[in-house]
Amino acid sequence: MSLLKIDSISVRYGAIEALHEVSMTVDEGEIVALIGANGAGKSTLLKAIVNQVPLTTGSISFRDEVITTSARHKKSVPTHLLAKRGIALVPEGRHVFADMTVEENLDMGAFFIKDQDLIARKKEEMYDFFPILGARRKQKTRSLSGGEQQMMAIARALMSSPKLILLDEPGLGLAPLVVQDIFHKIRIINEQDKVTVFLVEQNARMALKNSSKGYCLENGRIVLSDTSSALLENDKVRQAYLGE
Amino acid sequence: MDTLIQYLQYFVNGITLGSIYALIALGYTMVYGILKFINFAHGDILMVGAYIGLLTYTALLGSSTSAVWMLAAFFIAMIISMAFCALLGMFIERVAYKPLRNANRLAPLLSAIGVSFILSNGAAWIFGAQSRRFPYPFDDTPIVIAGLSITPHQILTMAVSVIMMIVLTLFVNKTKMGKAMRATSLDQSTSELMGIDANKIISMTFAIGSALAAVGGILASFDFRVYASMGTMTGLKAFVAAVIGGIGNIQGAMIGGILLGVLESIGAPLLGIPSALRDTIAFAALIIILLVRPEGILGKNEREKV
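Protein chains in written order, with my numbering: chain A, 1 to 244; chain B, 1001 to 1306.
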């Protein structure tokens, strides 16, 4: 069953068309990767899913309900109500609340949850899963390293027990070993917690190795889509994205 | 020795004045923190707060002269005025600022100046141009300790301000909505991803800021009387205090307010400035801080994200 269905969406920034009739599906339980160069429209696509940029055409459905549409936004669900529906986005550049502690950041991730015991339990789960966050729970997030901040942002997104987690360049600007660690965690989140993952990455090899299905975005258009293992073997992908 | 006591006296007076500035500065700073917008109608909210406080206080008091009821009536009047101003602040935001949120940054600023005129002229129209005295809800005979004289209304001013600031600090740091307010001010689009409704937070911010301004207005009217344009200068100085402390920063507004009050009170006699020119101190302080540390005492030099 498709969890997220993007149906021929376009996004325009003034005269520039950032996305042109993009369609894709993310099935429940999958890790789907979207690869593409800088400026291809990857972040715009994620912003469109969470209703932070308006669509000029098309619509997006989540669990068979339309959440975003171009029809003058009438049926679109406002961003702040999407978390409750089960969509969590880890934005590019992490966007942790730098002046707040690790614990307060996690509290914000559970903002709409009323059950205090559940929040406390989720926090403990996060501290177990990311021990470094447990050790730094009372520290301002500003003082964390890039990798720690990325884990913080992922943990914050997981606090709401989402059905779908959208990750925008989780490996950006991080050391290769840290990137590996983060991708390892992402797989655990997917396999053990059954969270569907939609991953946007410039690091095509890492993304394709850790996903089941992949899409390539070029100048706002989907130019290729296949299973990730097939894409890793694809000549065009090897040339354009893997530098072989 | 006498001069020392005299300066201590100025200091005490300065802290009283400063705590009023601080209460008002908080409204400027909280709104700026979230919307990056200076609410120039904020000063007039304090005037409305003073009038509502005065009217409810006199109505509640009637002809009673009971000392207990005087104080109780004062606090009830203060709470009613806070509630009224909270609603007024939310209403103004909804009507005058929200529709302009995506407009040019100058638009809401001009709208705020318009609201300011409507409020002050509306008050002059309704209440007349005569200033009114806010009666002390107790006998205001100064208490003299070692040559230092403190009036009960100064004690009331400091006590109420300190309590308000403690409550606000606890709210912002300990409660879910308070944390959500900080999160929204740090990063609005990310906070929306967490399920935080920015519109609600903005409304709440205006409500809290306006309620604090109401308290500031009532406390200020003991010293400055109540009149339609009373919010202009006091509001402007509170704004200066917010900038000195670091606009957008809550602790900064508290520190900036107290500091400005003390500077004004001590600065005039110390520098031999005639009291008629006392107001220049606040603006001189603003110019100096803008030259030396434009981000304010606790402000952060915000860099745009690349």
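Using N, Cα and C, we set each Cβ at its ideal position, and we do this for glycine too.
Which one of the options has the shortest CA to CA distance from residue i?
i, options, result
"Leu1008/B", "Ser1265/B, Gly1257/B, Ile1281/B", "Ser1265/B"
"Asp193/A", "Lys138/A, Met159/A, Pro176/A, Arg221/A", "Met159/A"
"Arg94/A", "Met1070/B, Leu1291/B, Ile1092/B, Ser1191/B", "Ser1191/B"
"Arg1225/B", "Phe1011/B, Met1047/B, Val1031/B, Leu1004/B", "Met1047/B"
"Ile1208/B", "Ala1059/B, Asp1223/B, Met1082/B", "Met1082/B"
"Gly243/A", "Gln202/A, Glu65/A, Gly220/A", "Gln202/A"
"Val195/A", "Asp117/A, Glu218/A, Ile154/A, Leu208/A", "Ile154/A"
"Asp1002/B", "Tyr1051/B, Trp1125/B, Leu1148/B", "Leu1148/B"
"Leu1260/B", "Ile1250/B, Pro1269/B, Glu1295/B, Ala1238/B", "Ala1238/B"
"Gly1160/B", "Ala1220/B, Lys1179/B, Lys1174/B, Asn1173/B", "For the record, residue 1160/B in the displayed sequence is Val; it is not Gly. Of the listed residues, the one whose Cα sits closest to Val1160/B is Ala1220/B."
"Leu232/A", "Leu133/A, Met206/A, Gly220/A, Arg221/A", "Met206/A"
"Asn38/A", "Lys213/A, Glu169/A, Pro176/A", "Glu169/A"
"Glu148/A", "Leu174/A, Gln239/A, Glu125/A, Glu124/A", "Leu174/A"
"Ala1086/B", "Ala1253/B, Phe1206/B, Ile1052/B, Pro1108/B", "Phe1206/B"
"Ile1015/B", "Ser1229/B, Gln1188/B, Leu1156/B, Lys1176/B", "Leu1156/B"
"Ile60/A", "Met24/A, Ile35/A, Asn105/A, Gly109/A", "Met24/A"
"Val22/A", "Val11/A, Ser145/A, Val200/A", "Val11/A"
"Ala1072/B", "Phe1138/B, Met1204/B, Val1115/B", "Phe1138/B"
"Gln1251/B", "Val1162/B, Gly1267/B, Ile1287/B, Arg1094/B", "Val1162/B"
Any beta carbon from chain B within less than 8 Å of residue i's own beta carbon?
i, result
"Gly39/A", "no"
"Phe112/A", "yes"
"Pro170/A", "no"
"Thr79/A", "yes"
"Gln253/A", "Any question about residue 253/A goes unanswered here, given that chain A covers just 1 to 244."
"Pro162/A", "no"
"Asp64/A", "no"
"Tyr241/A", "no"
"Phe97/A", "yes"
"Glu104/A", "yes"
"Met100/A", "yes"
Does the Cβ of residue i have 16 or more other Cβ atoms within 10 Å, making it buried, or fewer, making it exposed?
i, result
"Thr227/A", "exposed"
"Phe111/A", "buried"
"Glu1304/B", "Any reading at Glu1304/B must be qualified, since the residue scores a pLDDT of 42, below 50, and its modelled position is unreliable; the value itself is stated next. Answer is exposed; the Cβ neighbour count stays below 16."
"His184/A", "exposed"
"Met1233/B", "exposed"
"Tyr241/A", "buried"
"Asn1104/B", "exposed"
"Ile119/A", "buried"
"Lys209/A", "exposed"
"Val1306/B", "Annotation note: pLDDT 36 at Val1306/B (below 50); position unreliable, coordinate value reported separately. Per the 10 Å Cβ criterion, exposed."
"Gly1122/B", "exposed"
"Glu28/A", "exposed"
"Gly1062/B", "exposed"
I'd like to know whether the C-beta of residue i is nearer than 8 Å to at least one C-beta of chain A.
i, result
"Ala1241/B", "no"
"Ile1250/B", "no"
"Glu1304/B", "Any reading at Glu1304/B needs caution, since the residue's pLDDT is 42, under 50, leaving its predicted position unreliable; the model's value is listed next. Glu1304/B does not count as touching chain A."
"Glu1093/B", "no"
"Lys1179/B", "yes"
"Ser1189/B", "yes"
"Arg1182/B", "yes"
"Glu1295/B", "no"
"Asp1002/B", "no"
"Gly1195/B", "yes"
"Leu1298/B", "no"
"Glu1308/B", "Since the first residue shown for chain B is 1001 and the last is 1306, residue 1308/B is missing from the structure and cannot be characterised."
Can residue i and residue j be called in contact, C-beta distance under 8 Å?
i, j, result
"Ile87/A", "Val50/A", "yes"
"Ala1022/B", "Ala1241/B", "yes"
"Leu1060/B", "Ile1079/B", "no"
"Leu167/A", "Ile186/A", "yes"
"Gly1257/B", "His80/A", "no"
"Phe1127/B", "Phe1222/B", "no"
"Leu1212/B", "Met1181/B", "no"
"Leu1186/B", "Phe198/A", "no"
"Gly1248/B", "Ile1297/B", "no"
"Leu55/A", "Leu164/A", "no"
"Tyr1010/B", "Ser1131/B", "no"
"Ile1281/B", "Leu1263/B", "yes"
"Ile1024/B", "Gly1235/B", "yes"
"Leu82/A", "Leu45/A", "no"
"Gly109/A", "Ala157/A", "yes"
"Leu1110/B", "Phe1037/B", "no"
"Val90/A", "Ser211/A", "no"
Tell me residue i's beta-bridge partners as DSSP assigns them.
i, result
"Leu4/A", "Val26/A, Phe62/A"
"Phe198/A", "Val32/A, Leu166/A"
"Glu218/A", "Arg221/A"
"Lys254/A", "This structure gives no information on residue 254/A, because the portion of chain A shown stretches from 1 to 244."
"Glu17/A", "Arg12/A"
"Ile87/A", "Leu164/A"
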